[in-house]
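Notes to accompany the following structure.
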Amino acid sequence: MDYKNTLNLPSTDFPMKANLKSTEEKFLKEWDEISLYEKMTAKAKEKNFKTFILHDGPPYANGHIHLGTALNKILKDIIIRFKFMQGYYAPYIPGWDCHGLPIEHNVDKSLKNKDSISQVEKRKLCRKYAAEFVEIQKAEFKRLGSIGRYDNPYLTMNYSYEADTVRKMADFIKNGGLYRANKPIYWCSSCKTALAEAEVEYAEKTSPSIYVKFKIKSDLSDVVKLPEGKNVFAVIWTTTPWTLPANLAISLNPDFNYVFAEVNKNKEKEIYILEESLAEETLKKFGFKDNEFKILAEVNGKKLESKFAMHPFINRDSILILGQHVKKDTGTGLVHTAPGHGDEDYAVGLKYNLPAYAPVNNEGIFLNDVDFFAGMRVFDSNIHVIEKLKEIGALVLEEKIEHSYPHCWRCKKPLILRSTKQWFISMSINNLRENALKTVKENVKWIPKWGLDRISGMLEVRPDWCVSRQRSWGVPITAFYCKSCGEPLIDYDITMKIADEFEKYGADIWFEKDADYFLNETKIKKHIKCSKCGSEEFEKESDILDVWFDSGVSYFCVLKNDEDMKAIGFPADLYLEGSDQHRGWFHSSLLIAIGSQDGTPYKSVLTHGFVVDSSGRKMSKSLGNVIAPDEIINKYGADILRLWAASEDYKNDMRISNEILSRLSEGYRKIRNTIRFMLGNLFDFDDTADAVKFEDLNDVDKYEIHNISLLAQNLSRHYSSYDFHLVYQNIYKFVTSFSSFYLDVSKDSLYVEAKNSFKRRSIQTVLHYGLNILIKYSGPILPFTSKEAWSYFNKKNKEKELAFEYFDEIDENFIDFELAERFEKLTEIRNIVLSSLEKARTEKVIGSSLEALVIIRAAEEDYKLLSEFKISELKEIFIVSALQIEKLGTTNEENGEFISEAIVELAPGQKCARCWTFSESVGTHNDYNDICGRCRDVLIDLK
RNA sequence: ACACCGAUAAUUUAACCGGUCAAAAUUCCCGGCCGAUAACCGGGCAAUAGGGGUUCGAGUCCCUUUCGGUGUACCA
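In case it helps, my numbering puts the first sequence at residues 3 to 945.
Right, dumping it as structure tokens:
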């Protein structure tokens, strides 16, 4: 007879095969229909939960998302979902960075003739372009399972955001932090704009490396005694020959000593000035042999201050000045100084009242009044400058040098330093630098903690923030210039009024109306006059703000001014971005918030590493190792991608490859299958009617309740400290051990015992308890799979959506370490039994372990432990049909301890056709002669 | 150039403050089961990047080399 139908075999419709792609798409539609996120927030608000604010750093609205952005969004989503389930009100407002050069670039590229279009029209195109990518990325983020206020995100190009950006700038006008100056800044000749430090990339570049001699004009007799009639030269080194036309000085270090070396040059003797320690080496480099040069004298650098040299090819003096920036690791110890083309040059030039002379236009072309090189592009001119130097005999040596050189982050072309008039936010006014350094140390938790060192290091050395850009697509700097004298006018009240205009019409209005509109027609202020010349005619500033200012102001626009965030949003509990944002968004947000006296914008800052390939190299098109999120989602599903994001420690770089993903899918399948098996065994279980009280549970069951409760506590802890890889690790470890021990052991009772038997209900109670925890704690990481599992989980009073559920408090009574210890010791004995069974199996004594009779010859301690259990219990735990326990003699001594051993024989009796256990009771019943007594009782009961 | 981070079996992750033979799982190999079956169970193989040092004891601390990543930057 076939007894299969009399067993309680697992039954569930939860499919074994996930088919994630299509179920995910189905669920996304459902979530959209029921407005999942809105319901979650409404519910949390209603319950007056504590708040948790994760402020989204805006990705740039250009192009499709890549794995890096996907990783970031997934991590954020895990946190948001966890916080909600933990009973927080955790509103999440995603944002996008919409202004800026890259978008303007792409719009320019799409135009046939970019100069034929007005600024206003171009801005419209940029807005449209950005809006399109916001929609594309929004769909891509939602596809990852990310939830948030996607219906109403923050966009830096929203009118209200643009207005708030200007209002925040107004704070800097008011407190004097914003100033205008003519000084060297990074300039991209191709993009024709100034750039900030955050927009500069360093790349290897080959440059000329030349030594040039400047003839000394001044009389040096008061300093040093030299032979009459010899020309004296200051020898400098530079890698940017094109800056020589702008040379105004030569810098020496006041702490260095300089030698006068006589050299034999074409049978004539001339004298070179070089730094003492570098002289010999350098002269040899120039080709002079030991007997071809002679050191005549040595003087301190200070002595040469304010002497004059002659510019090699321009009729102008070059003054010798002193500066600490002169080093002796490279060069000659004499530094060519062009205050218009270098930071240090500018700084030292200030002391000597040298102008920031930079005769180069915005395309990087020499102005018309530059002798010899007018009209040339600066980098092209290098070779001509060298030619010129050769021609006039001023070139001492020419080489090539490979060095890292600043490049534009957008067009990847080399940058130049060029002094122009720009707007800056001062690091010193209002003690910005000092205050920022103080607050990052005292008020922010950095995870990992080296984040503090990183941002502090940057804050310590960074120059004033150049915030103006010579482009169209952005928020204008609301300054004016007097038409007759050029004096700038920038005013707090006017700016605040302009902000109101932006609120209504967007920043576009700045480009549509003329200066008069803002200054007079709007009645902002009447009859404004130039403070310098009294003229009433003004023109508008054409510069816009750095996009880092836009995004940096997000805490203000979103956390302080958004309807949903007001009063609860500031400061944020958490900022979470890639570790490159220490110089980006973390930095700009901080400077703005501190600079405008709003306080620290974040309480903690969490950073993650970058996505790299399986061998640890970064993904790049040229290496061909780029994987698109889309590809992974279609092949494996978003839950697998999320599991990947959770499974690795994101504080380091995150490796990804097809192999890694397919390994991960195995892990996923294990978790899914265990859930499925648990579901299958609960098909007839009603938790309110059938659950066994904890006190009454069998010991093994109590032991598992202990394990599960401990698991829940650990998971909660790891989630709270954002250690998702430990969450995954723990879930996974639990699932495998639970499956191979408890589930395996329980199968017999679950299948064979009567449906409503205590034993079966006791186990089901554990399964129900465990499944509830397993599904809930998988929720933040695997929202799709756990939603699906949840829908099959029969529990009274449960929410339809897992996302509406909360984690349950763990009853401390469920945790019993003493009990656990007993079972852990028992597990050791079980392992001995299992290995004996394995041996017997190899020897073909048995196949299934149920064919076995096990005789345990137990050592003293083990014997004591075993006698605390009933034989029937132990039989189940070892999954054998018969068991005998004996005390061990004196053999088997190892390290002075007695080790228990197990002997395996074929079990007596016959195999029960129903439960497969071997029993002597099989064949003793007339009514059911092929089954055991236990099964017979169950069947009789069934009737 | 400098600073910081990282490198654990074929793969991915563990190992608290330095403490016993470095823990899992997946892959692979061997076997069982055929009532979770594109499943389940048992067994086996296999690692601290290289070299030094501190220590009774080091994956863990220090130095160094290699590789990878990130950041900083006045190489004029």
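Backbone N, C-alpha and C define an ideal beta-carbon position, used for all residues, glycine too.
These figures come from a predicted structure and were not determined experimentally.
- Annotated as distal: S606 and I457, with beta-carbon spacing of 8 Å or more.
- The closest CA to that of M159, considering only F504, L576 and M680, is found on F504.
- For E404, the enclosing beta strand (DSSP E) starts and ends at L397 to C410.
- DSSP places T497 within a helical segment (H, G or I) once states are collapsed to three.
- Residue environment for T332: exposed (fewer than 16 other C-beta atoms within 10 angstroms of its C-beta).
- In the DSSP assignment, no residue is bridged to E862.
- Residue range L22 to I36 is occupied by the alpha helix (DSSP H) that includes F29.
- Contact annotation: S211 and K402 have beta-carbon atoms nearer than 8 Å.
- Around the Cβ of H589, a 10 Å sphere holds 16 or more other Cβ atoms; the residue is buried.
- If you draw a straight line from the Cα of S591 to the Cα of N302, it is about 47 Å long.
- A residue is called buried when at least 16 other Cβ atoms come within 10 angstroms of its Cβ; R619 does not meet this threshold and is exposed.
- A straight line joining the alpha-carbon of K49 with that of L56 spans about 20 Å.
- For the pair P478 and W452, the CB atoms are not nearer than the 8 Å cut-off.
- Secondary structure within the segment 312-389: the alpha helix (DSSP H) runs of 4 or more consecutive residues, fully enclosed, are 345-353 (chain order).
- Using a Cβ distance threshold of 8 Å, P631 and L645 do not count as a contacting pair.
- Relative to W467, the option among G179, Y39 and L9 whose CA is nearest is G179.
- Within the DSSP secondary-structure output, N259 pairs in a beta bridge with N302.
- DSSP, read as helix, strand or coil, puts M621 in coil.
- Residue environment for I942: exposed (fewer than 16 other C-beta atoms within 10 angstroms of its C-beta).
- Here DSSP, grouped into helix, strand and coil, assigns K267 to strand.
- Where G536 is concerned, there is no enclosing alpha helix (DSSP H), because DSSP gives it neither an H nor an E.
- Boundaries around K889 are those of the beta strand (DSSP E), A884 to K889, since no alpha helix (DSSP H) includes it.
- Within the same chain, and ignoring the five residues on either side of T284 in sequence, the residues whose Cβ sits closer than 7 Å to its Cβ are L276 and T334.
- When DSSP reads this structure, M656 sits in a beta bridge with V613.
- DSSP places F726 inside the alpha helix (DSSP H), whose first and last residues are F726 to S739.
- Note that the C-beta distance between L828 and I905 is not below 8 Å.
- Taking the CA atoms as reference points, F736 sits about 34 Å from S37.
- Your pair R83 and P785 checks out as a contact, with CB atoms roughly 6 Å apart and the cut at 8 Å.
- By the criterion of a C-beta distance shorter than 7 Å, K170 is surrounded in its chain by V555, F558, I594 and S598, once the five residues flanking it on both sides are discounted.
- Under DSSP, A281 forms no beta bridge with any residue.
- A Cβ-Cβ separation of about 6 Å places R182 in contact with P490 under the 8 Å criterion.
- Across the structure, D750 and V702 are spaced so that their CA atoms are roughly 14 Å apart.
- Take the alpha-carbon of D319 and the one of A251: they are about 8 Å apart.
- Sorting R464, S722 and K269 by C-alpha distance to the C-alpha of I187 places R464 at the top.
- When beta bridges are read from the DSSP output, K568 appears opposite no residue.
- Judged by their CB atoms, P155 and G97 are nearer to each other than the 8 Å cut-off.
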